[in-house]
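Working notes for the structure below.
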Amino acid sequence: MAIFSSILLQVMVPMLLIVGLGAWLHRLFHFDMNTLSKLNMYVLLPAVAFINVYDSELNGKVLAAIFGFLLLQSSGLMVFSMIMAKLFKLERSLSAVFQNTIVLNNSGNFGIPVSQLVFHQQPLGAAIQIIVTIFQNFLTNTYGVYQFISGNGKKGKWVAELWKNPVLYALLLGVVCRWLHLSIPSFLWQPIHRIADAFLAIALFTLGAQIAYARFRSLPPLVYASVFGRLFLSPLLAASLIFLLGIDGVTAQALLIASSYPCSRNTALYALEYDCHPDYAAQAVLVSTLLSAITVTGVVYAARLLFPGG
1 MAIFSSILLQ VMVPMLLIVG LGAWLHRLFH FDMNTLSKLN MYVLLPAVAF INVYDSELNG
61 KVLAAIFGFL LLQSSGLMVF SMIMAKLFKL ERSLSAVFQN TIVLNNSGNF GIPVSQLVFH
121 QQPLGAAIQI IVTIFQNFLT NTYGVYQFIS GNGKKGKWVA ELWKNPVLYA LLLGVVCRWL
181 HLSIPSFLWQ PIHRIADAFL AIALFTLGAQ IAYARFRSLP PLVYASVFGR LFLSPLLAAS
241 LIFLLGIDGV TAQALLIASS YPCSRNTALY ALEYDCHPDY AAQAVLVSTL LSAITVTGVV
301 YAARLLFPGG
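Under the UniProt record's numbering, the residue at position 104 of the sequence shown is numbered 104, and the numbers go up by one with no gaps.
Put into structure tokens, the structure is as follows:
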């Protein structure tokens, strides 16, 4: 109960307050959504991506097992979501958004605070979440972007479109700087860090503006399918893979919990940027985030029960 209250008060309530503020102010002032989208995509997201990679410890004995698990889990979710999209007979652009809502999760601004809370006495757990976040960043800006580009009718040009994405360059630059142990001068580091600090608020504000006029009394059934895939199917698949790979202790706990986070907020941002059903994407993100207060708490409890130790 203490964990549930902490997640609710320290993570969920602040996030939802900013989303609500964005929705309210958009109704009052009618913001330019294209400007908000460009601000997130070309300024804030690259700064966050670079800092996540540059600041993280990418070595350790468990690294191979973690990446092996992440590759298997993400591949499994891709297959499951593709099969579900075909069963639902979704047209290409809607299928792209649907698959991304299941495969991609909010491992950064949601996952990192939760992991810091759950593993406050076990640094390994929080470090694993950083690795998961980096993996999700790469996945979002490769597989995720490809899905949106192809869904927008530009499949034949997806490689060219992908290389126009500034987030990918930020990730690669972070890897190079980290690998070469390059020190970032303070006159560059401070503005990058301050821009990254603004990402959470502006991105949630943008999400609020996106759903300002959405009607949640009659949500499309596909939203519930997205929520089911992200909050229930993903942890079940993760638990199966963890047992199969023989992972245990804190590593197993951290990976299971990391699989349970809600739909990635970046899914809504990219859906807006590429004009692929942005209302549906925003609804899936918001509903999954609301319900995750209950489901993530349940997964945290299950992780400690299934994988004791650490």
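Note that CB positions come from ideal geometry on N, CA and C, so glycine has one too. Everything numeric in this text was worked out from a predicted model, so none of it was measured.
A distance below 6 Å between beta-carbons, with the five flanking residues on each side excluded, links Ala170 to the following residues of its chain, in chain order: Pro46, Ala49 and Phe50.
Annotation for Ile202: the continuous alpha helix (DSSP H) segment containing it runs Ser186 to Gln210. In this structure Pro278 is in contact with Ala271, their Cβ atoms being roughly 4 Å apart against a cut-off of 8 Å. Closest by C-alpha distance to Ala225, out of Ile257, Ile7 and Phe88, is Phe88. Just so you know, the alpha carbons of Thr289 and Leu21 end up roughly 16 Å apart. The straight-line gap separating the alpha-carbon atoms of Ala214 and His30 is approximately 14 Å.
It is roughly 20 Å from the alpha-carbon of Thr267 to the alpha-carbon of Pro14.
Contact check for Asp248 against Phe307 passes: the beta carbons are separated by less than 8 Å. Asn105 carries a strand assignment under DSSP once its states are collapsed to helix, strand and coil. Contiguous beta strand (DSSP E) elements confined to the stretch 217 to 244 do not occur, taking only those with 3 or more residues. When the Cα atoms are used, Leu222 and Phe98 turn out to be separated by approximately 8 Å. Spanning the alpha carbons of Val114 and Phe80 requires a straight line of approximately 26 Å. Only residues of its own chain outside the window of five on either side were considered, and among them Gly174, Cys177, Arg178 and Ile184 have a CB closer than 8 Å to the CB of Tyr54, listed in chain order.
Here DSSP, grouped into helix, strand and coil, assigns Cys276 to coil. Here Ile7 is near Leu117, since their CB atoms are less than 8 Å apart.
Residue pairing by DSSP places Cys263 opposite Asn105 in a beta bridge. In the three-state reduction of the DSSP assignment, Lys89 falls in the coil class, being assigned neither a helical nor a strand state. Per the coordinates, the alpha-carbon of Leu219 lies some 28 Å from the alpha-carbon of Ala238. For Phe199, the CB contacts under 8 Å within the same chain, skipping 5 residues up- and downstream, are Asn40, Leu44, Leu45, Ala47, Val48 and Asn109 in chain order. The DSSP-derived three-state label of His120 is coil. Per DSSP, reduced to three states, the secondary structure at Tyr213 is coil, with no helix or strand assignment.
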